[in-house]
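Residue numbers (my numbering): 362 to 841. Backbone N, C-alpha and C fix where the C-beta goes; we use that ideal spot for every residue, glycine too. No experiment lies behind these values; they were computed from the predicted model shown.
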Amino acid sequence: MKQPSYSDETLPTSAFLIDGSLGTWRMVELGADGYPSSLKYFDSSPAINGPLNSTIDCVFQARVSQVDTASDIAFLDLGGGKTGALNLRRAGQLVKGRPNGIADCVTEGQKLIVQALADPSALEIKAIPVTPRPRLAGRYCVIEMAGSRLNFSKDLSPSIIGSLKDKLSPLADHFALIVRSGAADVSPEIIINEATYLSSLLLSYDPKSPSGFLFALSAAHQALIALDTSDTPVIAADGTTRDALASAARDHYPQLLPRIVSYTGKSPLFEAGGAEEAIAEALSDQIHLPSGGWISFHETPAMTVVDVNMGTALQGRPAAHAKRIVNLEAVLAVAHHLKFQDIGGLIIVDFINMNAKGSVAELMHLLDEAFLGDLAQVQHTGMSNFGLVEIARKRRGVSLHQRMMVQTAPYMRIRSVCDNLLRRANHIGKSADIGTIIIEAPERVIRMLMEHPDKPLIESRTSRKLECVTSAKMDVYIKC
């Protein structure tokens with residue numbers, strides 16, 4: 362039987378597009394309207410102590426390198442130059458009873474197996490938050506180093522529980538094993554196979570091994586876990602991606618094999634599916650709305666600020682109507698991009714002030730509806746008198762912008778640089794040293810200095826000649 366495939370002309374409106382040809386794997390879900398609705402990245406399992414693009418869910422052999430009793434935080438050597446941070450609440454899971462401080466939980470030199478919970482923000486340099494209770498979540502079950510127990514979802518029938526209990530009980534002697542409700546849709550063999558594989562990863566831990574990376578699920582495996590339970594096709598960008606997905610599916614989820622299909626189009630898959638365009642829009646300074654308004658995202662270490670702007674929406678519309686339309690469109694755009702860009706933490710949206718009766722209530726109602734499809738935990742406040750709405754969205758990793766972009770350090774305007782150099786020249790020129798004032802600076806600064814109206818004034822005040830010299834560095838001095 363010939364394997365089905367899609368070209369750029371025959372892409373379905375609903376599909377998962379996966380590109381694992383190079384580097385980090387990417388997966389985009391196309392919604393019913395054919396527009397990319399979600400974007401996920403999956404980092405391949407790295408070599409031990411090798412570089413990691415993302416540490417989320419990676420398991421490490423760690424050594425406690427410092428116990429900070431003042432802050433109740435333990436710092437761990439994760440190998441490869443990486444540092445983990447274990448707070449008192451999580452460290453307390455290692456001991457019985459309630460500890461008085463971090464020193465009651467761990468000691469310097471102690472070895473642990475830990476799992477990274479999140480990546481530090483790309484805007485900060487921080488230790489990686491870790492837990493001493495690694496938790497591996499599959500499609501149908503969860504394995505956690507948290508005692509010995511076997512739990513089943515309340516949605517599973519007694520017959521399904523009976524078919525799994527005897528086979529899974531031995532695994533529960535070592536770990537906490539939770540079987541999810543999705544187990545009702547597949548055969549018991551698939552559940553048992555997944556639980557056995559996940560538990561084998563944790564059982565492979567050797568306390569004598571040096572600090573460093575132990576394991577993480579492969580990118581293909583992570584992508585399969587992230588798929589929904591529908592029959593939506595999974596379109597692989599190339600043969601390499603398809604082979605990796607098919608291999609992982611045969612080993613762990615054979616029922617997913619029929620969904621994995623090839624792509625034979627001339628254009629790159631993410632370009633044909635509109636994913637590249639959606640990513641470019643998300644990373645742009647302004648995200649335009651249908652009415653002519655636009656929104657912009659500004660990420661800081663503490664929060665993300667979203668600015669809602671009128672743009673050209675006022676043209677041909679009454680002001681009150683234009684404000685309402687732009688704000689409602691902004692609600693939908695913000696909800697979409699928080700999910701698509703995976704922006705978490707505190708988000709403050711600066712809406713346009715509205716005076717029309719009932720307009721704020723309408724906006725808040727739409728905001729509630731817009732977040733219904735978000736799998737991350739989302740909470741928000743009402744609108745303040747200044748038009749601000751605070752949103753808290755659970756953060757797990759770096760956002761799209763932090764993953765893709767580099768924030769440059771602020772630098773002075775050329776005119777300000779010129780003014781500062783001339784001030785220094787004016788001060789140095791009053792010294793008792795004999796000679797010419799020399800200003801060294803890059804070419805574009807020198808060009809402005811030569812035309813600066815205060816350059817002749819410096820020469821007049823100091824009774825010296827002022828020369829400008831092109832250089833990679835900036836300096837002011839007197840040359841005899």
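DSSP puts residue i in a beta bridge; with which residues?
i, result
"aspartate 429", "Ile434"
"proline 629", "In DSSP, proline 629 forms no bridge with anything."
"threonine 492", "Gln476"
"leucine 497", "Ile504"
"lysine 755", "Beta-bridge pairing links lysine 755 to no other residue."
"arginine 424", "Asp438 and Lys472"
"glutamate 801", "Val830 and Asp836"
"isoleucine 379", "Met388 and Ala597"
"leucine 447", "Ala435"
"isoleucine 463", "DSSP, once it has assigned bridges, lists no residue as partnering isoleucine 463."
Which stretch, first to last residue, makes up the beta strand (DSSP E) that contains residue i?
i, result
"arginine 390", "Per the sequence shown, the amino acid found at residue 390 is glutamate instead of arginine. Start and end: 386-391."
"asparagine 512", "510-513"
"phenylalanine 658", "655-660"
"glycine 706", "706-711"
"glutamine 647", "Neither: glutamine 647 is in no beta strand (DSSP E) and is coded neither H nor E."
"proline 845", "Residue 845 is absent from the model: the chain starts at 362 and stops at 841."
Which one of the options has the shortest CA to CA distance from residue i?
i, options, result
"histidine 582", "Met811, Arg387 and Tyr838", "Arg387"
"glutamine 616", "Gly734, Pro594 and Thr625", "Pro594"
"arginine 500", "Phe747, His813 and Leu585", "Leu585"
"valine 687", "Thr602, Arg510, Gly653 and Ala477", "Gly653"
"serine 623", "Pro817, Phe701, Ala479 and Thr601", "Thr601"
"leucine 707", "Ile552, Leu749 and Ser426", "Leu749"
"isoleucine 417", "Ser426, Lys401, Phe732 and Leu529", "Lys401"
"alanine 722", "Gln702, Arg685, Leu699 and Asp703", "Arg685"
"serine 560", "Pro549, Gly543, Leu578 and Ser366", "Leu578"
"serine 628", "Pro519, Arg776 and Asp599", "Asp599"
"alanine 833", "Arg805, Cys841, Leu818 and Pro814", "Arg805"
"serine 548", "Val467, His659 and Ser524", "Ser524"
"phenylalanine 513", "Ser399, Gly672, Ile775 and Ile552", "Ile552"
"arginine 756", "Leu810, Asp735, Gln427 and Ala674", "Asp735"
"arginine 764", "Arg822, Phe701, Ser720 and Met811", "Phe701"
"proline 397", "Thr385, Gly384, Met809 and Ile379", "Ile379"
"alanine 533", "Gly705, Met506 and Ser426", "Met506"
State the start and end residues of the unbroken alpha helix (DSSP H) segment that holds residue i.
i, result
"threonine 831", "That residue, threonine 831, is in no alpha helix (DSSP H); its beta strand (DSSP E) goes 827-831."
"threonine 823", "816-823"
"alanine 537", "Alanine 537 -> not in any alpha helix (DSSP H); beta strand (DSSP E) instead, spanning 537-540."
"lysine 791", "Taken as a continuous stretch (DSSP letters only), lysine 791 belongs to no alpha helix (DSSP H), as it is neither H nor E."
"glycine 523", "519-529"
"valine 687", "680-701"
"histidine 741", "Run containing histidine 741: none in the alpha helix (DSSP H); it sits in the beta strand (DSSP E), 739-741."
"leucine 575", "Segment 573-576 is the beta strand (DSSP E) holding leucine 575; no alpha helix (DSSP H) there."
"asparagine 554", "549-564"
"isoleucine 586", "580-587"
"valine 721", "720-731"
Rounded to the nearest angstrom, how far is the Cβ of residue i from that of residue j, given a contact under 8 Å?
i, j, result
"valine 475", "proline 460", "No, valine 475 and proline 460 are not in contact; Cβ-Cβ is about 17 Å, not under 8 Å."
"valine 695", "isoleucine 656", "7 Å"
"leucine 473", "proline 493", "5 Å"
"glycine 626", "aspartate 836", "Actually they are not in contact, since the Cβ atoms of glycine 626 and aspartate 836 sit about 57 Å apart, beyond 8 Å."
"leucine 447", "alanine 435", "4 Å"
"valine 692", "alanine 731", "6 Å"
"serine 760", "isoleucine 704", "5 Å"
Decide yes or no for the touch test of the region 662-674 against the region 612-619: beta carbon pairs closer than 8 Å, at least 3 of them. no
Specify whether the region 419-439 and the region 564-573 touch according to this definition: at least 3 beta carbon pairs, one from each stretch, less than 8 Å apart. yes
With three or more C-beta pairs closer than 8 Å as the rule, is the region 590-604 touching the region 642-656? no
For the 8 Å Cβ check, are there 3 or more pairs between the region 705-725 and the region 744-758? yes
Does the contact criterion of 3 or more C-beta pairs under 8 Å hold for the region 501-514 versus the region 462-471? no
Using 8 Å as the threshold, is the region 826-834 in touch with the region 793-804, meaning 3 or more CB pairs across them? yes
Could you say if the region 800-819 and the region 777-789 meet the contact criterion of at least three C-beta pairs nearer than 8 Å? yes
Check whether the region 390-407 and the region 368-377 are in contact - that is, three or more C-beta pairs closer than 8 Å. yes
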